[in-house]
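As C-alpha cells, the structure follows; a few thoughts come after it.
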Amino acid sequence: AVNQKYVLHFVYSGTMDDDMHGFYRSSYTDNKNNTKWLGSTQFQTNHARRAFPSFDEPRFKAIFEVSIKRHRSMKTTSNTRIIRSVMDGEYFTDTYAATPKMSTYLLAFIVSEFNERFNGQFGVLARPEYYQQTEYAFDVGQQVLKEFDTYFNLPFYSLGIDKMHMAAIPDFSAGAMENWGLLTYRERALLYEEGSTTLSAQQYIAAVVAHEQAHMWFGDLVTCQWWSYTWLNEGFARYFQYFGTHNVEGHYQLDQQFVVDQIHAVMSMDSTNSTNPMSDENTNSPADLSRMFNSISYNKGGTFIRMVRHVMGEENFKNSLREYLSTYQYQNTVPSNLFTVWKKYIPATFQEYADTLFTTFTEQVGYPVVTFNLTSDKTLVISQKRFLLKEDGANPDLLYTVPITYTTNATKDFQDTTPKLFIRNTATPTTVTLPNSVSWVLGNIQETGYYRVNYDTKTWHNIHHTLTSSNWGDIHELNRAQIVDDLFNLARASVIDYDLALDILMYLQTETNYLPWTAAFNGYNYLMIRLGTDTSDFAHYIRELTSKAYNELGFDEKANDTTLDIYNRAKILSWACKFGRSDCISKSQELFKNLDNKPVPVNIRSAVYCTAMREATEADFDKLFNKYLTETVATETTLLLNSLGCVKDSKLVAKFYNIILTDQVRRQDKSSALSSLYTENNENVEPCFDLVAGSVDELSNAMGGISSVASVISNIASRFTTADQQKKLKDFNAANRAKFGTSLDSAEKTVEENLKWSETKLGAFRDHLIKFKSNGSPALSGFTALTLVLVALVARYLQ
C-alpha cells in the first residue's frame with residue numbers, strides 16, 4: 001500500500017570467485033609452503049550486489065549491520081568494531097557495530113588468518129609473514145589522518161566509525177579501496193621494508209594511503225550522487241594524495257611532482273576525440289562506469305581543483321572545503337553543490353568569472369592552448385584555442401574561461417600564482433599593457449592553470465636564449481618542465497615547427513633537474529616509439545644529451561641528494577644504459593654479477609636489473625627470475641617482475657611471455673609484466689604481437705577475459721611503425737571478429753593515424769638527429785653563438 005513501510009528479508013547464496021570483485025577468494029603461500037586462503041571484498045562500483053541483494057547505487061545510502069560466521073582458525077574484520085563473538089562448536093559468529101549511513105560500495109569485510117599491528121584505534125593487517133613490513137604504513141597512516149582531521153576540521157573518529165584498519169590483500173584488482181574504516185590495498189601499496197623498498201615505492205605507499213584516507217571525507221562522508229560525477233570523489237582524493245602527503249612527508253616534494261605526474265599525463269588524453277568531460281551525463285552502462293575511473297576523473301579532477309585553489313588562495317580554499325563537507329556530510333552531491341560553496345570564497349575581483357571557470361572546464365572536454373604574443377616590448381596580446389593533437393573529429397571551437405598568470409624577464413616572479421587576469425570563453429584576444437619593456441614573457445606560473453602555452457617566434461627565441469645562458473636557473477624548474485612538455489606537444493600538433501622545438505630542447509644538455517628531465521623523457525619516448533627499430537642516431541643523441549646529468553649524478557647516492565635527485569639518477573641511468581652508454585652498461589652488469597654477494601643499491605635497482613636483462617643470457621634471466629620467485633617484499637617483487645620484461649633475446653622474450661601465462665604471475669600483475677615486455681625495447685613490439693596472436697585463448701584465460709586481451713593488442717599495436725605491421729593487425733582483426741567484435745577497430749585507426757603522422761613529421765626529427773650526429777649540435781645555442789661573436793670581436797680588437 002502507498003505510504004506503508006515494508007521490511008524485506010532475502011534468503012540468498014552467492015559464489016566466491018577469484019576475479020577480485022564482489023566477495024572473492026584470494027590466496028598466498030606461507031613460509032612453510034602451505035597455501036592459505038582468505039575472503040575479501042571489492043564492491044566499487046556495482047559489485048555489492050554480488051555479495052548481497054541491494055540497491056547498488058551511490059545515492060542509496062543505508063546503515064549496515066554485519067554478522068559473519070567463520071571457522072575458529074580464521075579472523076574477521078569489517079568497517080566497524082566487533083561488538084560480540086558467539087561460539088558455536090568449531091565456528092564463531094562475529095557481529096559488528098552499525099555503520100554510519102553510507103553507500104553500498106563502501107561496505108567491506110575480510111575473513112583471513114592475517115596479523116594486525118593495532119594500537120586500539122588504528123591498525124594495519126597483513127599476512128603473518130609480512131608483519132614487520134607494516135610499520136611504515138602504520139606510522140605514516142596515523143600522521144596523514146591527523147593532518148586531515150585538522151585540515152577538514154572534522155576529525156575522522158567523530159564521524160561514526162571510531163577505528164581504522166588498512167589491509168594488504170594479496171590479490172587485488174584496484175590499487176587500493178576506500179571502504180569506510182577498512183581500507184584495502186595491494187600489498188605493494190602498503191608494505192615497506194628498509195633496504196628492499198625503493199624510495200619511490202615508499203613514496204607511493206604514503207601517497208596511496210593519503211589518497212584512500214582523503215576518501216573518508218570525499219567519497220564516504222560526502223558521496224557523488226552518481227558516477228557521472230566521479231571526480232567529486234576521485235579528483236579530491238588525487239589532489240590530497242599529493243598535497244596531503246606533502247604536508248606530512250615534505251621531503252618527497254610531491255607538490256612539485258604533481259605537475260609532471262598528473263597534469264602532463266592527462267593532457268595527452270584530453271587533447272583527442274576519445275576524451276570525456278569531467279562531469280559526464282552519458283554514464284549509464286557498466287562500461288560507462290568503468291570509463292569514469294580514468295585520468296579525466298583523477299588527474300584532470302585534481303588539476304582543476306589545484307587551479308581553483310590558486311584562484312581563491314590557500315586559506316579560502318581550506319575554508320571552502322570545510323563548509324562543503326560540514327554542509328553535505330552523510331549526503332550525496334552534484335558539482336553545483338560544490339560550486340555554490342566555492343563561489344562564496346572566490347575573491348570579489350574574480351567573482352564574475354567563477355561560473356564559467358567551473359562549467360567550461362568540467363562540462364566541456366579538453367583545454368586550451370593560450371598564446372602570449374608580444375606585439376611590442378610593452379604590449380602583450382593573449383588569445384586561446386582548444387588544443388588538439390590531431391584532426392580526429394573533435395570539436396576545435398570550444399573555448400574556456402582561463403585564469404592567467406605570467407611573469408617577464410623584468411620581474412622573474414615565479415612565486416605569485418594569483419591570476420593577473422582572466423580571459424573569457426570567447427575568441428576575442430585580450431590586450432595587456434606591460435609596465436616595463438620586456439624581451440620575454442612566460443605564462444602559467446608553476447603550471448597552476450590547466451592550459452598549454454605558446455608564444456610568438458621571437459619570444460620563443462628569447463626564452464631559448466635564457467635557457468642556454470648562464471642564467472637558465474632564473475626560470476622556475478616547474479616552468480622549465482612546462483616549456484619542455486609544451487614544446488613536444490605543440491610540435492606534435494603542428495602548432496609550431498619541430499625545428500624550433502628541438503633547437504630549444506638542446507638546452508637539456510645543461511639541465512640536471514628531475515622535473516624538466518621527466519617531461520623530456522615523456523616527450524622523447526613518443527618520438528622513440530615512432531622510430532621503430534631504427535634508433536641508432538637517436539641513441540647517440542640521448543647519450544650526448546644526458547651526458548652532463550649522467551656525469552653529475554653517477555651511480556652513487558650523495559649525502560645532500562634530494563628525493564628528486566635520487567629519482568633523476570634512476571631515470572638518467574635507465575636512459576643512458578638503454579641507449580648504449582658503454583660505461584653505464586658495464587657498471588650495471590658488474591653490479592648484477594655481484595648480486596649474490598652484495599645487493600644492488602636499492603634506488604638504482606630498476607635501471608641495473610633492466611640493463612642486465614637487455615644483455616642477459618638464459619642463466620642471467622633464471623637468476624633474476626628465481627629471485628622474483630623467492631622474494632618476500634611486495635615492492636621488490638613488482639620491480640623484479642617488470643625488470644624481467646627488459647629482455648631482448650627472442651628466446652627469453654618467449655620464455656617470459658609463457659611465464660606470464662602461468663600462475664607464477666598473479667592476475668593483477670600480468671598486464672604490467674606484459675607491458676614491460678613490449679615497451680622497454682622497440683624490437684620486442686612485433687614479436688609480442690605474434691606471441692599474443694598465437695595464444696589468444698590462453699591469455700584470455702590467464703587475464704580473466706577477452707577484453708583484457710583486446711587491451712593488450714591495442715597497446716602493442718599503438719607502437720606499430722610499418723605498413724607490414726598494419727596489415728598484420730588488419731588480418732588478425734578480420735580473422736578474429738567472432739572473439740573481439742569491434743573492440744580492435746580503434747586500434748586499426750590508431751595505427752593508420754600514427755603512420756600518417758610519421759609520413760609528415762618524423763622526417764624533421766630524423767634530420768635533426770643526423771645533423772646532431774655530424775655537427776655535434778644542429779644549431780648553435782644562443783649562449784654559444786653570443787660567446788663566439790664576443791671572442792671574434794676581442795680577437796679583432798687585439799690585432
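The sequence shown begins at 1 in full-length UniProt numbering and counts up one residue at a time.
Cβ atoms here follow ideal geometry from the backbone N, Cα and C, with glycine treated the same way.
Since this is a predicted model, take the numbers as computed values, not measurements.
By the C-beta density criterion, S643 is buried, having at least 16 other C-beta atoms within 10 angstroms. If you draw a 10 Å sphere on the C-beta of R72, you find fewer than 16 other C-beta atoms in it, and that means exposed. For the 9 angstroms CB-CB criterion, D56 and Y105 form a contact. For a cut-off of 8 angstroms, the C-beta gap from G250 to V208 is around 18 angstroms, too long to register as a contact. Residue state for A206 is assigned as helix, using DSSP reduced to three classes. With 16 or more neighbouring CB atoms inside 10 Å of its own CB, N462 falls in the buried class. Around the beta carbon of V11, a 10 Å sphere encloses fewer than 16 other beta carbons of the protein chains shown; the residue is thus reported as exposed.
Of the candidates F621, K727, N46 and Q364, N46 places its Cα closest to the Cα of A287.
Among the bridge pairs identified by DSSP, I83 is matched with none. Annotated three-state conformation of L38 is strand, per DSSP. For Q257, the enclosing alpha helix (DSSP H) has its first and last residue at L254 to F258.
Around the beta carbon of G741, a 10 Å sphere encloses fewer than 16 other beta carbons of the protein chains shown; the residue is thus reported as exposed.
Across the set N34, Q4 and A51, the C-alpha of A51 shows the shortest separation from the C-alpha of T41. Ranked by how close their Cα comes to the Cα of T272, the residues W226, A354, Q364 and F317 have Q364 in first place. Annotation for P128: no beta strand (DSSP E) segment contains it, and DSSP assigns it neither H nor E. In terms of CA proximity to D649, M613 leads the group Q142, L624, M613 and D669. Around the CB of Y298, 16 or more other CB atoms lie within 10 Å, so the residue is classed as buried. Within the segment 133-190, complete beta strand (DSSP E) segments of at least 3 residues are found at 164-169 and 182-186, given in chain order. Excluding residues up to 5 positions away in sequence, K390 and D392 lie with their Cβ nearer than 8 angstroms to the Cβ of E753 in the same chain.
DSSP places M102 in the strand class (E or B) of the three-state scheme. P516: member of the alpha helix (DSSP H) spanning Y514 to R530, first to last residue.
The Cβ atoms of S112 and T77 lie closer than 9 angstroms to each other.
Put simply, the segment 446-455 does not touch the segment 715-731. Fewer than three CB pairs are less than 8 angstroms apart. Straight through space, the alpha carbons of V685 and Y678 are spaced by roughly 5 angstroms.
Its Cα nearest to that of L652, the residue D620 stands out among E636, D620 and R667. Per DSSP, the unbroken beta strand (DSSP E) holding H71 starts and ends at S67 to H71. For P687, the secondary structure class from DSSP, reduced to helix, strand or coil, is helix. For N736 and R543, the gap between their C-alpha atoms comes out near 43 angstroms. Under DSSP, K412 shares a beta bridge with no residue. T303 and K32 have their C-alpha atoms some 48 angstroms from each other.
In this structure, N79 sits away from F114, with a CB-CB distance that is not shorter than 9 angstroms.
Taken atom to atom, the span from the alpha-carbon of V381 to that of G195 is near 54 angstroms.
In the structure shown, the three-state DSSP call for Q664 is coil. Under the DSSP assignment, F732 falls in the alpha helix (DSSP H) whose first and last residues are A723 to A735.
Beta-bridge annotation (DSSP): Y96 is paired with I82.
Distance from the Cα of D149 is smallest, within the candidate group V124, H215 and L573, for H215.
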